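For reference, the structure discussed in these notes is given below.
Number of protein chains: 2
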Amino acid sequence: MKEKQEAASDNNILYRYCMPEWRATVDANRQLLVVKKGQPVFSEQDVVKGVFFIRWGKVKIHQRWGNEKELIIRFAKKGDMIGYRGLGKGKVYPVSATALEDTGLMYLDIPFFEATLQVNPRLTYALMDFYANELEATEKRVRNMAHMEVKGRVAEAILMLKDHFGVNDEGYIDIRLTRQDMASFVGTTYETISRTISELEAEKLIRTSDKRFALLKEKQLARLVESNAR
Amino acid sequence: MKEKQEAASDNNILYRYCMPEWRATVDANRQLLVVKKGQPVFSEQDVVKGVFFIRWGKVKIHQRWGNEKELIIRFAKKGDMIGYRGLGKGKVYPVSATALEDTGLMYLDIPFFEATLQVNPRLTYALMDFYANELEATEKRVRNMAHMEVKGRVAEAILMLKDHFGVNDEGYIDIRLTRQDMASFVGTTYETISRTISELEAEKLIRTSDKRFALLKEKQLARLVESNAR
DNA sequence: TCAAATTTATGATATAAATCATACTTTTGT
DNA sequence: ACAAAAGTATGATTTATATCATAAATTTGA
Chain A
9 MKEKQEAASD NNILYRYCMP EWRATVDANR QLLVVKKGQP VFSEQDVVKG VFFIRWGKVK
69 IHQRWGNEKE LIIRFAKKGD MIGYRGLGKG KVYPVSATAL EDTGLMYLDI PFFEATLQVN
129 PRLTYALMDF YANELEATEK RVRNMAHMEV KGRVAEAILM LKDHFGVNDE GYIDIRLTRQ
189 DMASFVGTTY ETISRTISEL EAEKLIRTSD KRFALLKEKQ LARLVESNAR
Chain B
9 MKEKQEAASD NNILYRYCMP EWRATVDANR QLLVVKKGQP VFSEQDVVKG VFFIRWGKVK
69 IHQRWGNEKE LIIRFAKKGD MIGYRGLGKG KVYPVSATAL EDTGLMYLDI PFFEATLQVN
129 PRLTYALMDF YANELEATEK RVRNMAHMEV KGRVAEAILM LKDHFGVNDE GYIDIRLTRQ
189 DMASFVGTTY ETISRTISEL EAEKLIRTSD KRFALLKEKQ LARLVESNAR
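Going down the list, the sequences are from chains A and B. Those letters in the first sequence? Residues 9 to 238, per the working numbering, in order. Those letters in the second sequence? Residues 9 to 238, per the working numbering, in order.
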């Protein structure tokens with residue numbers, strides 16, 4: 009892997025909330041790994057053996073449904089923790105994680121991670137808060153899925169992507185997504201996404217290029233979200 | 009309130025996971041209250057001032073959308089905690105809680121509850137696990153909303169209700185729900201629910217009476233859930 | 001570098017479920 | 001105990017979006 013990527017500083021919930029004395033223990037127990045674009049970090053039904061922290065790159069957390077369909081639960085970037093699904097031995101992942109680009113990860117096995125939680129109440133507290141907030145966001149998604157139509161959900165998805173990944177110099181949101189991934193994130197088909205994106209472009213609310221999105225009229229897009237009850 | 013109801017033993021995550029020494033402190037700081045059927049425990053946009061534990065009765069956690077529509081996020085019964093949405097001052101509820109029948113609650117204010125978390129790492133740990141599991145269940149709901157059609161979602165909803173509330177002597181799930189509540193839980197309209205329930209009854213998979221459901225062929229109902237990709 | 005595979009755009013058609021409408025039943029509050 | 005309000009069943013119509021189909025554009029890897 010490239011130097012620049014390897015040099016990325018780790019800044020994740022674990023490093024931020026565990027006691028400084030424990031940090032060296034973490035470093036002694038961690039493993040570093042690289043997953044190539046398109047390759048799985050873990051897959052549904054795999055036994056949970058550890059937890060991952062993204063050092064660089066991007067990952068989608070998704071769930072298969074039947075043969076062809078999938079739903080993207082969330083996207084993860086540098087600093088994000090993935091793969092921890094609560095306590096309990098012998099658990100299997102209810103979701104898959106797949107690299108959207110070459111991605112560097114740090115891995116801790118479950119016994120060590122849970123020992124870390126026991127020793128660092130502040131970390132446990134921060135993690136509880138993290139899950140409580142994720143839950144709130146996911147509940148909102150259920151509601152949107154139930155009551156908002158596709159166009160509003162697409163608008164909201166684009167705004168979420170902007171919040172999560174930020175924009176680059178040219179104003180494009182810093183993640184490349186296929187129409188299929190976008191469809192899986194919004195919960196619709198790629199044909200419908202294709203049409204909806206074309207429509208939003210025709211209305212000059214967004215621009216797209218190289219599988220990226222740029223916001224042209226963010227406020228109007230946000231208004232679209234609000235007024236899109238079914 | 010009736011004697012029998014008042015005599016209910018409290019068994020909730022707080023009592024289960026906080027240190028015995030702390031229990032008396034909790035009891036000194038708690039308030040007990042009763043909310044009548046149909047009345048709110050708290051409402052969307054209220055400032056979060058405390059957390060509630062249900063002693064007896066049943067509550068729905070729901071979110072309004074526009075004027076008429078709502079989505080029921082979850083149901084809560086005896087022992088369940090409601091109203092805690094992570095740390096942070098000045099937070100407002102993103103959801104409402106409304107009593108489905110007369111309900112007795114214990115209330116703790118946020119400063120005391122968060123002090124309790126600080127003092128009882130095991131409780132924090134249990135709460136983190138609780139939220140991680142809730143998150144997993146809610147993610148599954150997002151997926152079902154995206155890919156499963158109404159009939160499958162209704163079947164799944166009925167199975168969830170059975171798990172959560174159990175069945176009485178006559179085989180009926182121990183909660184009374186209007187068609188509108190059922191629709192809000194499944195994420196559809198009451199007309200569609202009415203039709204779907206009629207259909208499931210005609211197929212002899214369920215029976216209904218007095219706003220309650222009884223399972224006649226649980227396995228077939230579960231199979232319906234599996235095979236109901238859109 | 002080129003052929004194969006994947007991704008995209010867009011049109012035509014089918015369909016699940018929303019909406020509109022009406023009559024009937026049950027629950028609630030005074 | 002009764003009138004008003006809320007809830008339910010079911011039919012008719014509309015609509016958003018899935019599905020099917022085709023062709024063009026882009027990406028991939030040998």
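Quick reminder that beta carbons are idealized off the backbone N, C-alpha and C, glycines included. Here the structure is a predicted model, which is why all the values come from computation and not from measurement.
| DSSP three-state assignment for L229 of chain B, whether helix, strand or coil | By 1-based counting over the second sequence, the position of residue 229 of chain B is 221. In this structure, L229 of chain B counts as helix in the three-state DSSP scheme.
| field | Proximal residues to Y115 of chain A (C-beta, below 7 Å), its chain only, five neighbours per side dropped | value | Counting from 1 along the first sequence, the entry for residue 115 of chain A is found at position 107. Answer for Y115 of chain A: R38, Q39, L41, G58 and F60, listed in chain order.
| request: Return no unless some Cβ of chain A is closer than 8 Å to the Cβ of I81 of chain B. | output: Here residue 81 of chain B corresponds to residue number 73 of the second sequence, with the count starting at 1. So yes, I81 of chain B belongs to the interface.
| task | Rounded to whole angstroms, what's the CA-CA distance from L158 of chain A to M153 of chain B? Just pull it up for me. | result | For the purposes of this step, residue 158 of chain A is taken as residue 150 along the first sequence, with counting starting at 1. For the purposes of this step, residue 153 of chain B is taken as residue 145 along the second sequence, with counting starting at 1. Here residue 158 of chain A is Val; the residue named in the question, Leu, does not match the sequence. About 13 Å.
| Residue from A:Y198, A:S192 and A:L185 whose Cα sits closest to the Cα of F221 of chain A | By 1-based counting over the first sequence, the position of residue 221 of chain A is 213. Between F221 of chain A and the set A:Y198, A:S192 and A:L185, the nearest pair of CA atoms involves A:L185.
| request: Examine chain B for any beta-carbon lying closer than 8 Å to the beta-carbon of T200 of chain A, and answer yes or no. | output: The residue given as residue 200 of chain A occupies position 192 in the first sequence. No, no contact with chain B.
| What first and last residue would you give for the beta strand (DSSP E) that runs through T106 of chain A? | The residue you call residue 106 of chain A lines up with position 98 of the first sequence. It spans S104 to A107 - the beta strand (DSSP E) in which T106 of chain A sits, taken as one unbroken run.
| said: Along the stretch 120-136 of chain B, where does the CB come closer than 7 Å to a CB of chain A? Name the residues. | reply: L125, P129, T132, Y133, L135 and M136
| field | With 16 other Cβ atoms within 10 Å as the buried cut-off, status of M27 of chain A | value | Taking the first residue of the first sequence as 1, we reach residue 27 of chain A at position 19. Of the residues assessed, M27 of chain A falls on the exposed side of the cut-off, its CB having fewer than 16 other CB atoms within 10 angstroms.
| query | How would you list, in chain order, the residues of chain A whose beta-carbon sits under 7 Å from the beta-carbon of Y139 of chain B? | reply | Locating residue 139 of chain B in the second sequence gives position 131, counting from the first residue. What Y139 of chain B touches in chain A: M136, Y139, A140 and L143.
| Taking three-plus beta-carbon pairs below 8 Å as touching, is the stretch 60-73 of chain A in contact with the stretch 93-112 of chain A? | yes
| said: Please list the terminal residues of the continuous alpha helix (DSSP H) segment that includes M168 of chain A. | reply: Counting from one through the first sequence, the residue named residue 168 of chain A turns up at place 160. Here the alpha helix (DSSP H) through M168 of chain A covers V158 to F173.
| request: Taking 8 Å as the threshold, find out whether the stretch 225-238 of chain B comes into contact with the stretch 184-201 of chain B through three or more Cβ pairs. | output: no
| field | Selected residue, minimal CA-CA separation from D34 of chain A, among A:K99, A:M156 and A:E122 | value | Numbered from 1 along the first sequence, position 26 holds the residue referred to as residue 34 of chain A. Per the sequence shown, the amino acid found at residue 34 of chain A is Val instead of Asp. Comparing Cα-Cα distances from V34 of chain A to each of A:K99, A:M156 and A:E122, the minimum goes to A:E122.
| Closer than 7 Å at the beta carbon, the chain B residues around T33 of chain A | Taking the first sequence and counting its residues from 1, one reaches residue 33 of chain A at position 25. Those within 7 Å of T33 of chain A in chain B number zero; the least Cβ separation is about 18 Å.
| field | CA nearest to the CA of L224 of chain B, picked from B:V43, B:I214, B:Q47 and B:V175 | value | Working through the second sequence from its first residue, we reach residue 224 of chain B at position 216. With distances taken between CA atoms, L224 of chain B lies nearest to B:I214 out of B:V43, B:I214, B:Q47 and B:V175.
| query | If you check the beta carbons only, do Y139 of chain A and Y139 of chain B fall under 8 Å apart? | reply | Looking up residue 139 of chain A in the first sequence gives position 131. Looking up residue 139 of chain B in the second sequence gives position 131. Their beta carbons are under 8 Å apart, which means Y139 of chain A touches Y139 of chain B by this criterion.
| field | Which of helix, strand or coil DSSP assigns to E78 of chain A | value | On the first sequence, residue 78 of chain A is found 70 positions in, with the first residue counted as 1. It is a strand residue.
| field | Residues of the stretch 184-218 of chain B whose Cβ lies closer than 8 Å to any Cβ of chain A, in chain order | value | G195 and T196
| request: Pull up the distance between the alpha-carbon of S17 of chain B and that of D137 of chain B, whole angstroms please. | output: Taking the second sequence and counting its residues from 1, one reaches residue 17 of chain B at position 9. Taking the second sequence and counting its residues from 1, one reaches residue 137 of chain B at position 129. Their backbone Cα atoms lie some 24 Å apart in a straight line.
| request: Could you tell me whether any Cβ in chain A is nearer than 8 Å to the Cβ of V43 of chain B? | output: Locating residue 43 of chain B in the second sequence gives position 35, where the first residue counts as 1. Judged by the 8 Å Cβ criterion, V43 of chain B is not in contact with chain A.
| said: Given this structure, state the Cα-to-Cα distance separating T124 of chain A from L95 of chain A, to the nearest angstrom. | reply: Reading the first sequence from its first residue, position 116 is the one you call residue 124 of chain A. Reading the first sequence from its first residue, position 87 is the one you call residue 95 of chain A. Looking at the two C-alpha atoms, the distance is approximately 13 Å.
| said: If you measure between the beta carbons of A6 of chain B and G87 of chain B, is that distance less than 8 Å? | reply: Since the first residue shown for chain B is 9 and the last is 238, residue 6 of chain B is missing from the structure and cannot be characterised.
| field | Anticipated Cβ contact below 8 Å, S47 of chain B with A134 of chain B, distance rounded | value | The residue you call residue 47 of chain B lines up with position 39 of the second sequence. The residue you call residue 134 of chain B lines up with position 126 of the second sequence. One detail in the question is off: residue 47 of chain B reads as Gln in this sequence, not Ser. No, Q47 of chain B and A134 of chain B are not in contact; Cβ-Cβ is about 30 Å, not under 8 Å.
| What is the rounded straight-line gap between the Cα of M168 of chain A and the Cα of G179 of chain B? | In the first sequence, residue 168 of chain A corresponds to position 160, counting from 1. In the second sequence, residue 179 of chain B corresponds to position 171, counting from 1. Taking the straight line joining both Cα atoms gives about 45 Å.
| query | Run through DSSP, which three-state label would Y101 of chain A get? | reply | On the first sequence, position 93 is the one that residue 101 of chain A refers to. If DSSP states are grouped into helix, strand and coil, Y101 of chain A belongs with coil.
| Residue from B:T196, B:S51 and B:R63 with nearest C-alpha to N19 of chain B | On the second sequence, position 11 is the one that residue 19 of chain B refers to. Closest option to N19 of chain B, Cα to Cα, is B:R63.
| Does the beta-carbon distance from E142 of chain A to L143 of chain B come in below 8 Å? | Locating residue 142 of chain A in the first sequence gives position 134, counting from the first residue. Locating residue 143 of chain B in the second sequence gives position 135, counting from the first residue. Result yes, Cβ atoms of E142 of chain A and L143 of chain B sit closer than 8 Å.
| query | Name the chain B residues that come within less than 8 Å of M153 of chain A, Cβ to Cβ? | reply | Within the first sequence, residue 153 of chain A is the residue found at index 145, counting from 1. Result: V150, M153, A154 and G195.
| request: Let me know the secondary structure DSSP gives I214 of chain A once reduced to three states. | output: Within the first sequence, the letter at position 206 stands for residue 214 of chain A. It is a strand residue.
| message | My assumption, with CB atoms under 8 Å, is that V100 of chain A sits in contact with V55 of chain A. Please give the rounded CB distance. | response | Taking the first sequence and counting its residues from 1, one reaches residue 100 of chain A at position 92. Taking the first sequence and counting its residues from 1, one reaches residue 55 of chain A at position 47. Right, the Cβ-Cβ distance comes to about 6 Å (below 8 Å), so this counts as a contact.
| said: Less than 8 Å between the beta carbons of E52 of chain B and P102 of chain B, yes or no? | reply: In the second sequence, the residue the question calls residue 52 of chain B occupies position 44. In the second sequence, the residue the question calls residue 102 of chain B occupies position 94. Closer than 8 Å, so yes.
| request: With 7 Å as the limit, tell me which residues of the stretch 62-89 of chain A have their beta carbon closer than that to any beta carbon of chain B; keep them in chain order. | output: Listed by position along the chain: Q71, W73, G74, K77, L79 and I81.
| message | Looking at the secondary structure, which residues open and close the alpha helix (DSSP H) in which V67 of chain B lies? | response | As a working note, residue 67 of chain B is residue 59 in the second sequence. Run containing V67 of chain B: none in the alpha helix (DSSP H); it sits in the beta strand (DSSP E), K66 to W73.
| task | Report back the beta-carbon spacing between K97 of chain B and F173 of chain B to the nearest angstrom; my notes put them in contact at under 8 Å. | result | Reading the second sequence from its first residue, position 89 is the one you call residue 97 of chain B. Reading the second sequence from its first residue, position 165 is the one you call residue 173 of chain B. At roughly 35 Å, the Cβ-Cβ gap does not stay under 8 Å, so K97 of chain B and F173 of chain B are not in contact.
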